[in-house]
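Structure, as structure tokens:
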Amino acid sequence: MSHRIAVLDKDSCHSRKCNLECITFCPVNKTGSDCIVLGQDTKAVISEELCTGCGICVKKCPFEAITILNLATELGDEKVHQYGINTYRLYKLPIPKKNSVVGLVGKNGVGKSTALNILSGSLKPNLGNYETVPSWDEVIDEFQGTELRSHFQAISEGKLRVSIKPQAVYLIPKVWTGTVRALLEKTAGSSRDITEVAESLSLSQSLGTTVSELSGGELQRTAVAVASLKDADLYLFDEPSSYNDVFQRMNVSKTIAELSKKGAVVLVEHDLSFLDYLSDYIHILYGEPGVYGIVSSIQSARTGINELLEGYLQVENVRFRDQPVRFDIYSPIENETETPVICSYDRLLKTYDRFSLEVEPAEIKMGQVVGVLGANALGKTTFFKVLSGVEPPTSGHVEALSKIAYKPQYLSADTDTDVISYFRAINKNVDSGLFQTQLITPLNLNKLFEKQLRNLSGGELQKVAIVGTLLQDAQIFAFDEPSAFIDVEDRIVLAKAIQRFVRSMGKTALVIDHDIQLVDIVADSLMIFSGDPGRKGHASKPLAKNDGMNTFLKELGITYRRDINTGRPRVNKPESKLDRMQKEDRKYYYVGKLQAAAAEAEGSQTKNITA
Ligand code: SF4
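If you want the numbering used here, it's the position in the sequence shown, counting the first as 1, plus 4.
Structural data, given as structure tokens:
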């Protein structure tokens, strides 16, 4: 048995511009019933009780404004919140656990923010009754016999102390004009040491800086510090890794891990490596963005992330993605000495007043994706600019056989141009089968064609900018942080789409990113940036993935093993047997099968999870 969900995207419903096809063609309306009517706001209103789920209105609506779905009936009893008629709804909730980090992962738009708002007490769950909001007693009764009962009891009595690190850290300078130190002093709880937290987050040098002058990474770590310094029972972190490099992410993860000794932590994160490292448990949020979201049962971090990659939830018996994600264990570059060279350069030097970058001579080959890893402020963006001819090298020469298309790190789109016009201005063949099947359809961009660039979300704009780069008539595509604002599902799709496009078209891509698993999926070889951030950078030539990761992880001081089921890279617990063993062997990455099995055994001992 199933129950019906009818959701209207009000922004897309323009009843004055259509012929009211939904109302005219609905077979229930034709029998004289009011299954779809026009509301006072001139938007369609659909009765979920009368709707038979035929889907005719979905096909007839010229603006693709209607979604009709059937969900299992039993889920209806677990509806936690619905904002109004024909709107998004959330089923089930994540369960915070004292002295543990519970990770929450899933697509953008399926309800992570709604879930966090409910857990924090800032949104009272209405259990689907948006017209008559239930009392707290009714809410508490609804969660009788579950771990969430005492949680809501504490919220209703004002006894739950909650600290939140919001997603939109860029809004902080709009509400705080003072220094970082003043902000931390204002928010710190009585027992918290500002100097210690600032030091652990590499913020000591920024304490005297005005918040509006911070870089994206500093702002993010300031927000983490503010949330960490509060005395709370529940800490909620919404995407704390954004804007930070891998070194800074490690610092953030240590700070959050410390907090879990004091209370419960719920963490929303798209960087799987970071999420895996930090979480004791995982909930996957799945569903249809903007339509509905379901919180999965709680799993150990390893099982949860493996199920996410597999696209299949065993307990729920639900497949939410057609294809599992696979990792290439072997580096194809080792066997491709005959591959044609697409660009070469001798030793490059680029110097500024206070910064210099040296790049080892190298050849970049056709059909390959080169991953670029390193801390912030080591000259990665400078290298892209030199390679693309935006800036000349101080010494050395770039032999590029063709044009380079570059997607910058920071995107702005303050224009009324819609997405499809933007694409057509770059490449009039965007409607061809090739671009459709390789880029537009996998990244689900058809739905955005009529939207103006200025109205896109951060993740939508990022996907549009990436495809806009790939549509250019170029041989080399350079992407600076393509994962920013993109959810975990789209990161995987994106990595595969870039790789497939580059290989099939005989092009080359360079991808700078701090998400190690994304780089692992997308890259055939790796360039490693090292040095003294802000002063001096050094770029290696493209190395085989194994060698590149070893070089990079050695500098980080962490080791990775491969998950025995999925082959995905997993961070070893510091000072664990395997961590020590791999460091002694100088194998920071890509271990053999036996070592991987030993690691899994050890992982299960060290985390001791019984979810
Ligand atoms: Fe009518 Fe429901 Fe069919 Fe849409 S899906 S046409 S609302 S019966």
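Yeah, the Cβ is synthetic: ideal placement off N, Cα and C, and Gly gets one too.
Item: Within the chosen definition, does the stretch 463–471 reach the stretch 388–397 through at least 3 CB pairs nearer than 8 Å?; Value: no
Item: Could you check if Cys17 belongs to the surroundings of ligand 1, using beta carbon to heavy atom distance under 7 Å?; Value: no
Item: For Lys581, decide whether its Cβ has a neighbour in chain E, counting only Cβ atoms nearer than 8 Å.; Value: Annotation note: the requested chain E is absent from the structure, which comprises a single protein chain.
Item: Between the Cα of Gln148 and those of Glu189, Glu82 and Asn121, spot the shortest distance and give me the residue it belongs to.; Value: Glu82
Item: Is it the case that the CB of Phe505 approaches a heavy atom of ligand 1 more closely than 7 Å?; Value: no
Item: Less than 7 Å between the CB of Ile60 and some heavy atom of ligand 3, yes or no?; Value: Absent from the structure shown: ligand 3. Ligands present: ligand 1.
Item: Which full runs of the beta strand (DSSP E) of 3+ residues lie inside the stretch 457–491, going along the chain?; Value: 480–484
Item: Is any non-hydrogen atom of ligand 1 found closer than 7 Å to the C-beta of Ile72, if you look at the structure I gave you?; Value: yes
Item: So Ile50 and Asn90 are in contact, right, with Cβ under 8 Å, and what is the actual spacing, rounded?; Value: 5 Å
Item: So, is Pro31 buried or exposed, given that buried needs 16 or more other C-beta atoms within 10 angstroms?; Value: exposed
Item: Can you determine whether any heavy atom of ligand 1 sits closer than 7 Å to the C-beta of Gly36, and answer yes or no?; Value: no
Item: Can you give the Cα-Cα distance for Asn576 and Pro138, rounded to whole angstroms?; Value: 46 Å
Item: So, at 6 Å on beta carbons, what are the nonlocal neighbours of Thr355 in its own chain, with the 5 sequence-adjacent residues on each side left out?; Value: Thr398
Item: Return the chain-ordered list of same chain residues with a C-beta closer than 8 Å to the C-beta of Leu42, the five sequence neighbours on each side being excluded.; Value: Ser19, Leu24, Ile27, Ala48 and Val49
Item: State the Cα-Cα distance for the pair Val272 and Gly107, rounded to the nearest angstrom.; Value: 6 Å
Item: Spatial neighbours of Ala261 within its chain, please: CB distance less than 8 Å, with the 5 preceding and 5 following residues excluded, ordered by chain position.; Value: Val105 and Leu282
Item: Which partner residues does Tyr95 have in the DSSP bridge list?; Value: Lys83 and Ile298
Item: Could you check whether the stretch 234–244 touches the stretch 207–217, counting it as contact only if at least three pairs of C-beta atoms, one from each stretch, sit closer than 8 Å?; Value: no
Item: Please report the straight-line C-alpha distance between Pro328 and Thr35, rounded to a whole angstrom.; Value: 45 Å
Item: Measure the C-alpha to C-alpha separation of Ser348 and Asp484 and round it to an integer number of angstroms.; Value: 20 Å
Item: Just curious, the alpha helix (DSSP H) that Ala119 is in, first and last residue?; Value: Lys116 to Ser124
Item: Output the boundary residues of the alpha helix (DSSP H) element that contains Glu262.; Value: Val250 to Leu263
Item: Please report the residue range of the alpha helix (DSSP H) in which Ala429 lies.; Value: Val423 to Ile430
Item: Fully enclosed by the stretch 315–376, which beta strand (DSSP E) runs are 3 residues long or longer?; Value: 345–349, 352–355, 360–363 and 366–369
Item: Let me check you understand the geometry: is the CB of Gly57 closer than 7 Å to at least one non-hydrogen atom of ligand 1?; Value: yes
Item: With Pro573 as the anchor, note down where its beta strand (DSSP E) starts and where it stops.; Value: Pro573 to Val575
Item: Classify Ala429 as buried or exposed, calling it buried when 16 or more other Cβ atoms lie within 10 Å of its own Cβ.; Value: exposed
Item: Secondary structure at Glu403, three-state DSSP: helix, strand or coil?; Value: strand
Item: Quick check: is any heavy atom of ligand 1 less than 7 Å from the C-beta of Ile1?; Value: A query on residue 1 cannot be resolved here, the shown segment of the chain reaching from 5 to 615 and no further.
Item: Pull up the distance between the alpha-carbon of Asn339 and that of Gly561, whole angstroms please.; Value: Confidence at Asn339 is low in this model, with a pLDDT of 49, below 50, so the placement of that residue is unreliable and no value is reported for it.
Item: Does Arg565 come out as helix, strand or coil in the three-state DSSP assignment?; Value: strand
Item: CA-CA distance, Asp237 and Lys102?; Value: 8 Å
Item: Would you mind stating whether Phe388 and Leu514 have Cβ atoms separated by less than 8 Å?; Value: yes
Item: Taking the CB atoms as reference points, tell me whether Ala409 and Ala469 lie closer together than 8 Å.; Value: no
Item: Put Arg8 into one of helix, strand or coil per three-state DSSP.; Value: strand
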